[in-house]
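For the sequence shown, this note's numbering begins at 716 and goes up steadily by one. We put the beta carbon where it would ideally sit given N, CA and C, even for glycine. Scroll down for the structure; my scribbles are underneath it.
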Amino acid sequence: MNQEKKEILFLEPVCTHNIWGGAKLREEFGYAAEGDDIGECWGISAHPNGDCSIRCGAYAGMKLSEVWAKHPELFGNLPCDRFPLLTKIIDAREDLSIQVHPDDTYAAAHENGSFGKTECWYILDAPENGTLVVGHNAQTKEELISMIREGRWSEFIREIPVKKGDFIQIDPGTVHAIKGGLVLLETQQNSDITYRVYDYDREQDGRQRELHVDKSIDVITVPARSAKESVTSAFGLPKNRMNRLYSCKYYDIFKLEVDEKTSFEQKYPFLLMSVVEGEGTIDGRSVKKGDHLIVPCGYGM
Ligand code: ZN
């Protein structure tokens, strides 16, 4: 069905403004967004808070959510009632709040049937001595509760060094925060459910942003995975091939660094691709840093 229409889908990203955002998404990635508070580019998204349009071709102008609903054959006819993933580029000029996400079971029960949120990060740029928050230092649930309720943040929060090319998996229940200076590519479940544990007592328009302390305590995993197990390096991998960085039940993550002509088999239900450096062509179409595309099911067969 519709074989002749199996073409690569190029997405029109949606950018968001955030108190911690910067200008790199416009200045370095070329997105048409005003202001110096651009925090996120939702590059591949069918979420109602930022549903990308198809840029050109047979589906030009359609929202990704609509293509998903009307053309399941492009996505391998997966038994899923909505597009399952969301790809973002995040530019953190300042620290993001300390947060945690629920899993599918908790989100379904407490958040109107939403998906939970498993996510992962690939560090695109980091300052010298860059860090981020992954995990916490409480050993027991009692210790976790007292650290949070008493605001013993420096004891609680575990900050670890990161550099360009690092990969970090954030399972539900993992306390995490992006720190100022980092630019990263995030792959996540298609969900916007975030519980904010601590926001550095910052104010926005004279008020502190809402915290979700009780729900956070419900879902935080204790003890946390070790710092060493939390970060892997994806630097210096073989070029011109798909290097698998991580697999879980929601996604497989690959890094492909191209410096000559290369080909690979599209054997997945669909493949999300984000160009994070340089420029080139894919099947004769020009692509450059900042482009996001979907290679559909059976493409090229
Ligand atoms: Zn998160």
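{"query": "Outcome for E834 when other beta-carbon atoms lying within 10 angstroms are tallied against a minimum of 16", "result": "buried"}
{"query": "Distance, T909 Cα to I1009 Cα", "result": "26 Å"}
{"query": "Q814 CB to nearest heavy atom of the ligand ZN below 7 Å", "result": "yes"}
{"query": "With 16 other Cβ atoms within 10 Å as the buried cut-off, status of C1012", "result": "buried"}
{"query": "Outcome for G951 when other beta-carbon atoms lying within 10 angstroms are tallied against a minimum of 16", "result": "exposed"}
{"query": "Nearest candidate by alpha-carbon position, reference L987, set E975, Y1014, G736, Q814", "result": "Y1014"}
{"query": "Three-state secondary structure assigned by DSSP to M862", "result": "helix"}
{"query": "Expected contact under 8 Å - CB spacing of I860 and I932 to nearest Å", "result": "6 Å"}
{"query": "Option nearest D752 by Cα separation, candidates L740, T947, P728", "result": "L740"}
{"query": "Buried or exposed by the 16-neighbour rule on C-beta atoms within 10 Å, applied to T855", "result": "exposed"}
{"query": "Rounded separation between N844 and D796 - CA only", "result": "43 Å"}
{"query": "Whole-angstrom distance between I805 and N905, CA atom to CA atom", "result": "16 Å"}
{"query": "Straight-line Cα distance separating H1007 from S989", "result": "4 Å"}
{"query": "Helix, strand or coil at L811 according to DSSP, with G and I counted as helix", "result": "coil"}
{"query": "CA-to-CA distance, G737 to A892, given in whole angstroms", "result": "16 Å"}
{"query": "Limits of the unbroken alpha helix (DSSP H) element including I932", "result": "928-934"}
{"query": "G880 in three-state terms, based on DSSP", "result": "coil"}
{"query": "Limits of the unbroken beta strand (DSSP E) element including Y961", "result": "957-962"}
{"query": "Beta-carbon spacing of R911, E925 below 8 Å", "result": "yes"}
{"query": "Close beta carbons around G993, own chain, < 7 Å, minus the five adjacent residues each side", "result": "K1004"}
{"query": "Within the segment 767-835, ranges of the beta strand (DSSP E) (whole runs, at least 3 residues)", "result": "800-806, 813-815"}
{"query": "Spatially closest choice to A939 from W757, D819, I872, by CA coordinates", "result": "I872"}
{"query": "Whether D958 touches K970 by CB criterion (8 Å)", "result": "The question names Asp, yet the displayed sequence has Asn at residue 958. Closer than 8 Å, so yes."}
{"query": "Residue interval of the beta strand (DSSP E) (run including R911)", "result": "910-913"}
{"query": "Closer than 7 Å: I838 CB and nearest the ligand ZN heavy atom", "result": "no"}
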